[in-house]
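In our numbering, the protein residues as written are 101 to 781.
1) Between 771, 188, 657, 216, which has its C-alpha nearest residue 194's C-alpha?
2) Distance, Cα to Cα, residue 223 vs residue 519?
3) For residue 565, does the count of other Cβ atoms within 10 angstroms reach 16, so buried, or fall short, so exposed?
4) Candidates 227, 533, 153, 105: which alpha carbon is nearest residue 188's?
5) Tell whether a beta-carbon distance below 8 Å holds between residue 428 and residue 198.
6) For residue 669, count neighbouring Cβ atoms within 10 angstroms of its own Cβ and tell me buried if that reaches 16, exposed if not.
7) Do three or more CB pairs link the region 129-147 to the region 203-222 at distances below 8 Å?
8) Determine the burial state of residue 366: buried for a count of at least 16 other Cβ atoms within 10 Å of its Cβ, exposed for fewer.
9) Against chain B, with Cβ distances strictly below 8 Å, would residue 751 count as a contact?
10) Quick one: is residue 289 buried, meaning 16 or more other Cβ sit within 10 Å of its Cβ, or exposed?
11) If you draw a straight line from the alpha carbon of residue 163 to that of residue 446, how long is it in whole angstroms?
12) Would you decide whether residue 256 is buried or exposed? Buried here means 16 or more other CB atoms lie within 10 Å of its CB.
13) Within the region 587-613, note down every full beta strand (DSSP E) run reaching 3 residues or more, in order along the chain.
14) Does the distance from the CB of residue 233 to the CB of residue 298 come in under 8 Å?
15) Would you identify the three-state DSSP class for residue 191, choosing helix, strand or coil?
16) So for residue 365, helix, strand or coil by DSSP?
17) Whose C-beta lies closer than 6 Å to the C-beta of residue 522 among residues of the same chain, with five residues either side of it excluded?
18) How should residue 701 be labelled, buried or exposed, when 16 other C-beta atoms within 10 angstroms of its C-beta is the threshold for buried?
19) For the region 648-656 against the region 666-685, are there 3 or more C-beta pairs whose distance is under 8 Å?
20) Taking only the alpha-carbon atoms, compute the straight-line gap between residue 603 and residue 719 and give it to the nearest angstrom.
21) Bridge partners of residue 423, per DSSP?
22) For the candidate residues 109, 130, 153, 268, whose alpha-carbon lies nearest to that of residue 191?
23) Alpha carbon to alpha carbon, how far is residue 150 from residue 336? Give it in angstroms, no decimals.
24) Using only CA atoms, which one of 626, 726, 277 lies nearest to residue 207?
25) Is residue 435 buried or exposed, if buried means 16 or more other CB atoms sit within 10 Å of its CB?
26) Find the nearest neighbour of residue 227 within the set 250, 172, 267, judged by alpha-carbon distance.
27) Does the Cβ-Cβ distance between residue 283 and residue 352 come in under 8 Å?
28) Which residue or residues does DSSP assign as beta-bridge partners of residue 159?
29) In the DSSP assignment, find the unbroken beta strand (DSSP E) run with residue 487 in it and report its ends.
30) Apart from the five residues on each side of it in sequence, which residues of its chain come closer than 7 Å, Cβ to Cβ, to residue 591?
31) Please check the pair residue 722 and residue 593, which I expect to be a contact at CB under 8 Å, by giving their CB distance rounded to whole angstroms.
32) Could you tell me the distance, in whole angstroms, from the CA atom of residue 124 to the CA atom of residue 131?
33) Measure the C-alpha to C-alpha separation of residue 487 and residue 419 and round it to an integer number of angstroms.
34) So what does DSSP say about residue 294, is it helix, strand or coil?
35) Can you have a look at residue 440 and say buried or exposed, based on whether 16 or more other CB atoms are within 10 angstroms of its CB?
36) How would you call residue 326, buried or exposed, if buried means at least 16 neighbouring beta carbons within 10 angstroms?
Structure follows, in structure tokens:
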């Protein structure tokens with residue numbers, strides 16, 4: 101039979117959301133939903149109507165042992181097994197509010213809370229364990245070794261406030277005690293049911309602070325970004341359930357896949373985004389060393405392999421290593437793939453880290469719009485003492501929410517709490533990262549990142565080849581030759597960054613630069629006008645149309661006015677006198693093609709950028725002009741136009757220089773900030 105899941109406490113809140121999630125994302129043979137009073141559970145009963153023959157609702161008061169026994173008998177007769185049990189019901193206190201002092205404590209309150217929160221799940225295990233041992237192991241991950249396979253899973257919903265080590269506020273006597281006791285009960289269950297055959301995995305899970313009736317009286321004290329919807333919380337918990345195996349039994353998991361013991365001991369390390377990674381690591385290092393000594397002295401295992409790994413590499417940030425540049429049109433992402441992972445590190449790696457690495461390096465396309473530029477991959481780099489490959493990935497900014505969703509699905513926040521990002525989008529999407537993926541963005545100055553990334557990428561070369569090049573014989577646009585050159589002594593340089601808009605910088609050293617000027621007419625203008633004039637939808641489509649067009653059908657040239665060259669001012673007849681000047685004529689408008697319009701748009705934008713760049717170089721007395729930015733990606737037309745313009749108008753004094761990694765330097769700069777910030781004192 102297909103998978104059978106049972107959710108105890110399913111009338112509302114997390115329990116109801118677990119039912120919905122399983123029905124939508126799995127293909128269960130049955131979802132058994134239990135609650136105290138099905139007659140008043142309207143939303144739950146609507147699931148029965150929506151999924152006839154799949155959802156079964158049983159009356160079960162978890163504080164009554166006879167109810168639990170009857171439910172187990174019913175399930176045995178109807179289904180013969182259970183693959184997953186989620187004990188979701190909980191009580192803060194019979195009064196609805198937790199005790200704030202001893203004055204509020206009552207024996208009856210403690211007994212009622214413990215009965216619902218602790219005794220109930222334990223008695224559920226007593227009667228349902230035989231059915232779990234008949235399960236087919238449909239949930240979680242099954243290893244190939246038959247001896248390590250499991251038949252079923254028990255998930256007890258706990259709370260972080262049940263941690264003794266994390267209790268710094270006091271109060272809530274009944275609730276804290278009940279959850280601490282539940283964690284111990286779960287641990288005991290994991291030992292007993294883990295020894296038996298078939299094996300049953302038993303874990304506790306903390307869902308975070310969730311917007312439910314239980315937590316509602318305390319919402320005003322919870323930061324907005326820490327109050328989760330039931331959907332978000334259950335999505336995270338189901339991801340953990342999907343990864344469970346017998347090696348993970350007995351543990352208490354936070355919603356972000358961290359074991360609660362790690363979260364408690366290292367809370368300052370994990371959750372203070374205002375301190376650098378290096379500072380946070382050093383602040384907990386003495387504690388970790390003490391724990392390591394205690395572990396060796398008394399033979400006690402230390403939980404938290406992730407923390408152990410970070411201790412051994414205290415001057416290195418934890419993997420994965422990312423840098424992001426979130427532009428107005430395009431997001432650029434760089435990812436460092438370590439190639440020197442030891443066998444010990446590989447064994448200690450959490451599954452989410454492996455999943456991210458596999459996903460990024462085994463694909464060249466992500467969804468409909470994400471692309472890894474394989475030809476730009478930098479191989480065998482040594483970065484921060486590690487050897488690996490640097491990957492370059494891009495996707496449209498309008499797809500950012502899908503990217504954030506992917507990060508949440510892959511539990512990225514269990515590996516990092518902060519992402520290093522630059523560009524305007526680091527501000528625009530900051531709240532989305534926080535609320536959707538529980539990630540903070542460390543917002544970095546985009547011009548600092550641009551310069552730092554450019555100098556770094558040029559210094560490491562392009563897999564043995566120069567990063568920088570210019571076009572030899574730029575006046576012969578058909579036969580100009582791409583010629584490598586060195587940026588070993590780059591200063592001063594005029595740096596022209598062409599993205600959605602254009603920024604022009606005078607750079608005198610790696611730390612001394614100024615923004616000279618800029619223009620709003622950049623790559624975004626080109627694509628926007630092409631979409632408007634030709635109906636194209638992508639940058640690639642616009643460039644393809646431009647490559648087949650003739651701008652002279654749209655632009656009015658010098659020869660159209662003078663009949664040839666304007667020799668007095670050395671203006672060639674083929675020079676543009678008026679961009680789109682022919683479009684005043686209806687006859688001309690009727691005869692042009694969309695390709696002509698795309699070409700004229702590209703020439704207009706490029707000529708304008710070249711003209712401004714030349715004037716800035718003259719004014720700043722700088723002879724080295726470097727053009728970067730994703731506008732130049734696969735854009736040989738603009739590259740040749742810029743090279744020709746610099747050479748012609750300066751009478752050979754100015755050379756336009758280009759770089760192979762055009763638009764990724766800001767993202768590289770963000771990555772470098774991640775790596776160096778971990779070494780701060």
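The C-beta atom is built at its ideal place from N, Cα and C for all residues, glycine as well.
A quick note: this is a predicted structure, and the numbers were derived from the prediction, not measured.
Quick answer:
1) If you number the chain shown from 1, residue 194 lands on position 94. Of 771, 188, 657, 216, the residue nearest in Cα terms is 216.
2) In the chain shown, residue 223 corresponds to position 123, counting from 1. In the chain shown, residue 519 corresponds to position 419, counting from 1. Their backbone Cα atoms lie some 44 Å apart in a straight line.
3) Taking the first residue of the chain shown as 1, we reach residue 565 at position 465. Exposed.
4) Position 88 of the chain shown, counting from 1, holds the residue named residue 188. For residue 188, the nearest C-alpha among the options comes from 105.
5) Here residue 428 refers to the residue found at position 328 of the chain shown. Here residue 198 refers to the residue found at position 98 of the chain shown. No, the Cβ-Cβ distance between residue 428 and residue 198 is not below 8 Å.
6) Here the question's residue 669 lines up with position 569 in the chain shown. By the neighbour-count rule (16 or more Cβ atoms within 10 Å), residue 669 is not buried but exposed.
7) no
8) One-based indexing of the chain shown puts residue 366 at position 266. At residue 366 the pLDDT is 37, less than 50, meaning the model places this residue with poor confidence; the figure from the coordinates comes in the next sentence. By the neighbour-count rule (16 or more Cβ atoms within 10 Å), residue 366 is buried.
9) This model lacks chain B altogether, as it is built from one protein chain only.
10) In the chain shown, residue 289 corresponds to position 189, counting from 1. Per the 10 Å Cβ criterion, buried.
11) Position 63 of the chain shown, counted from the start, is the residue given in the question as residue 163. Position 346 of the chain shown, counted from the start, is the residue given in the question as residue 446. Cα to Cα, the separation comes out at about 45 Å.
12) In the chain shown, residue 256 corresponds to position 156, counting from 1. Result: buried.
13) 593-598, 602-607
14) Within the chain shown, residue 233 is the residue found at index 133, counting from 1. Within the chain shown, residue 298 is the residue found at index 198, counting from 1. For residue 233 and residue 298, yes; Cβs fall inside 8 Å.
15) As a working note, residue 191 is residue 91 in the chain shown. Residue 191: coil per DSSP, three-state reduction.
16) What you label residue 365 is simply residue 265 of the chain shown in a count that begins at 1. Reliability of the predicted coordinates at residue 365 is poor, the pLDDT of 37 falling under 50, and no value is obtained from them.
17) In the chain shown, residue 522 corresponds to position 422, counting from 1. 425, 544, 546, 549, 766, 770.
18) In the chain shown, counting from the first residue as 1, residue 701 sits at position 601. Flag for residue 701 reads buried.
19) yes
20) Here the question's residue 603 lines up with position 503 in the chain shown. Here the question's residue 719 lines up with position 619 in the chain shown. For residue 603 and residue 719, the distance between alpha carbons rounds to 16 Å.
21) The count along the chain shown starts at 1 and reaches residue 423 at position 323. According to DSSP, residue 423 bridges with 434.
22) The residue given as residue 191 occupies position 91 in the chain shown. Measuring from the Cα of residue 191, the nearest candidate turns out to be 109.
23) Here residue 336 corresponds to residue number 236 of the chain shown, with the count starting at 1. Here residue 150 corresponds to residue number 50 of the chain shown, with the count starting at 1. Spanning the two alpha carbons is a distance of roughly 24 Å.
24) Counting from one through the chain shown, the residue named residue 207 turns up at place 107. Minimum Cα distance to residue 207 is reached at 277.
25) Within the chain shown, numbered from 1, the residue matching residue 435 stands at position 335. Flag for residue 435 reads buried.
26) Residue mapping note: residue 227 aligns to position 127 of the chain shown, counting from 1. Residue 227 has its Cα closest to that of 172, out of 250, 172, 267.
27) Working through the chain shown from its first residue, we reach residue 283 at position 183. Working through the chain shown from its first residue, we reach residue 352 at position 252. Taking 8 Å as the Cβ cut-off, residue 283 and residue 352 qualify as a contacting pair.
28) Taking the chain shown and counting its residues from 1, one reaches residue 159 at position 59. DSSP, once it has assigned bridges, lists 135 as partnering residue 159.
29) On the chain shown, position 387 is the one that residue 487 refers to. 486-496 is the extent of the beta strand (DSSP E) around residue 487.
30) As a first step, residue 591 must be located in the chain shown, where it is residue number 491. Cβ neighbours of residue 591 beyond the five flanking positions: 607, 608, 609.
31) The residue you call residue 722 lines up with position 622 of the chain shown. The residue you call residue 593 lines up with position 493 of the chain shown. So it is a contact: roughly 6 Å between Cβ atoms.
32) By 1-based counting over the chain shown, the position of residue 124 is 24. By 1-based counting over the chain shown, the position of residue 131 is 31. Going by the C-alpha atoms only, they are around 11 Å apart.
33) Here residue 487 refers to the residue found at position 387 when the chain shown is read from its first residue. Here residue 419 refers to the residue found at position 319 when the chain shown is read from its first residue. Each residue's Cα considered, the two are about 13 Å apart.
34) One-based indexing of the chain shown puts residue 294 at position 194. Correct three-state label for residue 294: helix.
35) Your numbering for residue 440 matches position 340 in the chain shown. Answer is exposed; the Cβ neighbour count stays below 16.
36) The residue given as residue 326 occupies position 226 in the chain shown. Label assigned to residue 326: exposed.
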